[in-house]
Amino acid sequence: MDFSLNAQQAAIQRGIAEIAAELADPELTQRDLAAAFSRPLWQVLHRHGFSSLFVDTERGGLGYGAVDAALALEALGQHCQDTGLVFALSAHLCACLHPLLKYGKPAQLERWLPRVMQGQIGAHAVTEVEAGSDVFAMQTQAKKEGPGYVINGSKCYITNAPVADFLLVHARTGPGQSYFDFSTFILPADAPGVSISAVPHEKLGLRTAAMGDIRFEHVWVPEADRIGAEGSGGPIFQVSMEWERTCLFALYLGVMQRQLDLCVARSESRQQFGQAISAYQAVSHKLVDMSLRLESARLAIYKSAWLLDQGRPDSACAAMAKLLVSDAAMQNGLAAVQIHGAQGILCGEIERQLRNAMPASVFSGTTEVLKNNLARQLRSAVSIRQASSQ
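Remember, our numbering sits 21 above the position in the sequence shown when you count from 1.
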């Protein structure tokens, strides 16, 4: 078991550190308050190849697998203070680009990948008002008509929707509650009949990632733009979640590393009662606990990413990684506020890190739903072991 990075992986992290100045934004605090996505910063990411990092090198991409992508997103999380921007990039990569590359037909790749290579942004349209974690409650329908489908329905809380150039849409194509009653489609965001909320939602955290709602009114989609076979939307969604729960959440590792470094520096520079506050056990133990949570989350993420690269995806491992990261981000965010005192409460990087951590327990499967799923898997595993020992 080798935990060291190879030369290419070390170069990934060094390279991102070197472009940190290009990702700096002196207006970030104001832009966060205004909930404004930055197209110029997206173009910086695109110019360095990050908006197409899963695309193979023959097509002009970086050809990253899961571990390399996780390393890149972790480094971006550490060196780019605009966490909403990195979140928007991660959603585009894991929930739009990866499913297209894995399940897209050659003709679809020929049509859509040039758009990705030009810096276009994707949005993954799954969630509905009554169909969040309960995907079987999805009401948006794609009705077969001749050589294509007509989509009617609505989606909500969709990351990147207000700024998206193309959409990956999940819709019901079957009548019942089967895993195979859903299909996946790709279409332009400005297709006739598609209405996207122009003003992004106001939200607690990740404010610089634009979130909006989408309505589909008699939207015609040719069969050629259905990704995979009819009824394969469930498996496609499951795979995208395994990659999202692994690679996307790596960005929080970088945020927590930057946060920990800031807290250590603050504890050394802040004087109280004649000494640095790092000399007090209450503070030093907070720092150690922050480091323990970060390292535990990091190990879980990289194990899940390694399994993806080995062709052995493990939904339980991905769920555990997501749970560990989201909990660590929240707990470390609270600790950082305490260590910074009044400066942690004032509008700025520390309080923004806490706000950006809070949605992590909700998106990509809520903490409660993932724990329910893991509990079922635990019971099943114990039953199998007991049966095999008899």
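No residue lacks a Cβ here, since even glycine has one placed at the ideal position from N, Cα and C.
Option nearest residue i by Cα separation, candidates the options
| i | options | result |
| --- | --- | --- |
| M22 | S382, R400, A152, W327 | W327 |
| Q374 | S347, L44, F187 | S347 |
| G255 | G86, E95, Y124 | Y124 |
| V215 | T205, F75, V242 | V242 |
| D246 | K224, L66, F206 | F206 |
| A45 | Q407, E370, N377, M379 | E370 |
| A342 | E151, I33, L66, L272 | L272 |
| V88 | Y200, F157, Q29 | Q29 |
| Q259 | Q278, V276, F201, S290 | F201 |
| A91 | A349, A340, G275 | G275 |
| G140 | S253, F187, A32 | F187 |
Per DSSP, the bridge partner or partners of residue i
| i | result |
| --- | --- |
| P209 | F187 |
| N173 | Q162 |
| T180 | M232 |
| G143 | F187 |
| Q293 | Q296 |
| S204 | A192 |
| A152 | E149 |
| R247 | F206 |
Residue range of the beta strand (DSSP E) that includes residue i
| i | result |
| --- | --- |
| R236 | 232 to 243 |
Start-to-end residues for the alpha helix (DSSP H) that takes in residue i
| i | result |
| --- | --- |
| I217 | Note, I217: premise wrong, no alpha helix (DSSP H); beta strand (DSSP E) at 215 to 217. |
| I40 | No alpha helix (DSSP H) holds I40; DSSP gives it neither H nor E. |
| F108 | 104 to 113 |
| V403 | 388 to 410 |
| H361 | 336 to 361 |
| V304 | 302 to 330 |
| F258 | 254 to 264 |
| F134 | Correcting the residue identity first, residue 134 is Leu in this sequence and not Phe. Start and end: 127 to 138. |
| T78 | Unbroken run through T78: none, as it is neither H nor E. |
Spatial distance of residue i from residue j (CA atoms)
| i | j | result |
| --- | --- | --- |
| G295 | L399 | 52 angstroms |
| A163 | I322 | 35 angstroms |
| H222 | Q302 | 42 angstroms |
| A112 | A230 | 10 angstroms |
| V390 | V383 | 10 angstroms |
| A356 | L74 | 34 angstroms |
Exposed unless 16 or more other CB atoms sit within 10 angstroms - verdict on residue i
| i | result |
| --- | --- |
| C115 | buried |
| Q99 | buried |
| R228 | buried |
| I366 | exposed |
| E149 | buried |
| L54 | exposed |
| R397 | exposed |
heavy atom of the ligand ATP below 8 angstroms from residue i C-beta
| i | result |
| --- | --- |
| C368 | Judged by which ligands are present, the structure shown has none, so any question about the ligand ATP falls away. |
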